[in-house]
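For the sequence shown, the working numbering begins at -18 and goes up steadily by one.
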Amino acid sequence: MTRQRLVVANWKQNTLTAAATSWIRAVEAGLDNVPLPAGLSVAAAPSYVALAACRAALAGRLTLMAQNVAAQDSGAFTGEVGPGMLIDVGIHAAIVGHSERRSLFHEDDDLVGRKVASALSAGLSVVLCVGEPLAAREAETHEAFVLGQLEAALAGIDVSAADARLVIAYEPVWAIGTGRTAQPEQANEMHGAIRTFLSNRFGAAGRDRSILYGGSVKPLNAAQLIAQPEIDGFLVGGASLLAEPFLAIVRAVASDGTVSP
Ligand code: 13P
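Take a look at the structure:
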């Protein structure tokens, strides 16, 4: 199993259906002109309510994922969307444990772990987000903080589930939406620590997991970041809202370190 490259557009609570479907068409048309190397995939994570329309607009070069998924499949849980409901509308992947879910909606490590376990066992792919707040970075406890999040989120996961469906996204909280990107070497160092953790936990299957970086990724910094050996792709927020900057980031990944015009 080799490491795969992946670039994901996380639109967060943005983009109504008409703009979402135009974005899908524009990015798919743009991808027709980008020679994507084998092992590089591109995905978008619209809001739940735009997923079905985006899926209908897909021509097949992109995949879709949800921005969240419930820990339970169904029942009396007002407002929740379970793994089976995503699969029912043709969605086979979800982001879990985004720092905005953790900080604004009080998702703790236990809930994130239950979501990861339930999504993987339902057959979804999962992009599990981890990342330290500024205080942990300043106190130089960032690595312990992130590895603690991973330990908790993966506590119930056995090695057979640590396949290509498990992707990790390192998103330092202080770099999200702030314009302050982690230095490529800082990100690479954390990705290396995450890979060592996964390798110790799951053996070769863990070592080969894709680890994405997120936090103010832009066309201008994507090439430098992707040139780092431990960075396998990106989870992009603000710069993914318009097709062209997102495509520029994909081109940087496709050309592995060189942004094409
Ligand atoms: P920005 O790219 O806007 O910093 O957001 C990153 C993020 O949270 C992606 O999930």
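Even for Gly, the Cβ is constructed at its ideal location relative to N, Cα and C.
Considering Cα atoms alone, identify which of the options is closest to residue i.
| i | options | result |
| --- | --- | --- |
| Ala103 | Ala117, Gly112 and Ile72 | Ile72 |
| Ala134 | Thr122, Gly173, Gln167 and Gly94 | Gly94 |
| Leu101 | Gly137, Asn(-9) and Glu119 | Gly137 |
| Ala203 | Leu(-3), Arg182, Ala168 and Arg6 | Ala168 |
| Glu88 | Arg42, Ala51, Arg190 and Ala117 | Ala51 |
| Glu152 | Ala33, Gln164 and Asp189 | Gln164 |
| Glu121 | Ile5, Arg36, Met171 and Arg82 | Met171 |
| Pro210 | Asp189, Phe58 and Trp(-8) | Asp189 |
| Ala(-10) | Ala150, Gly184 and Leu179 | Ala150 |
| Ser28 | Asn49, Gln(-15) and His123 | Asn49 |
| Glu124 | Leu92, Phe178 and Leu85 | Phe178 |
| Ala245 | Thr(-2), Gln(-6), Glu61 and Ser55 | The structure shown does not extend to residue 245, since the chain is modelled only from -18 through 242, so no value can be given for it. |
| Ala98 | Leu43, Gly63 and Thr(-17) | Gly63 |
| Glu9 | Leu43, Gln(-15), Thr(-17) and Gly219 | Leu43 |
| Ala37 | Phe126, Trp(-8), Trp4 and Gln53 | Trp4 |
| Leu246 | Lys(-7), Ala117 and Leu128 | Absent from the structure is residue 246, since the part of the chain shown begins at -18 and ends at 242. |
| Ala156 | Asp90, Thr(-4), Ala57 and Glu81 | Glu81 |
| Cys35 | Ala0, Phe183 and Arg118 | Ala0 |
| Phe(-16) | Gly218, Leu109, Ala185 and Phe126 | The sequence given here has Arg at residue -16, not Phe. Answer by Cα proximity: Ala185. |
| Ala117 | Ala208, Leu(-13) and Val127 | Val127 |
Checking 9 Å against the spacing of the C-beta atoms, do residue i and residue j come in under that value?
| i | j | result |
| --- | --- | --- |
| Lys96 | Gly112 | no |
| Ile76 | Leu216 | yes |
| Val154 | Val107 | no |
| Leu131 | Ile175 | yes |
| Asp213 | Ile230 | no |
| Ala47 | Arg146 | no |
| Ala40 | Thr2 | no |
| Asn181 | Gly187 | yes |
| Leu12 | Ala25 | no |
| Asp91 | Gly129 | no |
Worksheet item: Is the stretch 221 to 228 touching the stretch 139 to 146, taking contact as three or more C-beta pairs under 8 Å?
Response: no
Discussion item. So within the stretch 52 to 104, which uninterrupted alpha helix (DSSP H) runs reach at least 4 residues, ignoring any that extend past its ends?
Written reply: 64 to 69, 80 to 85 and 90 to 103
Worksheet item: Curious, which full-length alpha helix (DSSP H) runs of at least 4 residues does the stretch 135 to 190 contain?
Response: 165 to 183 and 185 to 188
Worksheet item: Contact between the stretch 149 to 168 and the stretch 183 to 197: three or more CB pairs below 8 Å?
Response: yes
Worksheet item: Can at least three beta-carbon pairs, one atom from the stretch 10 to 21 and one from the stretch 229 to 239, be found at a separation below 8 Å?
Response: yes
Discussion item. Across the stretch 61 to 68 and the stretch 9 to 17, are there enough close Cβ pairs to call them in contact, namely three or more that are closer than 8 Å?
Written reply: no
Worksheet item: Fully enclosed by the stretch 13 to 58, which beta strand (DSSP E) runs are 3 residues long or longer?
Response: 21 to 26
Item to complete: Tell me the start and end of each unbroken alpha helix (DSSP H) in the stretch 184 to 234 that is at least 4 residues and wholly inside, in chain order.
Response: 185 to 188 and 200 to 207
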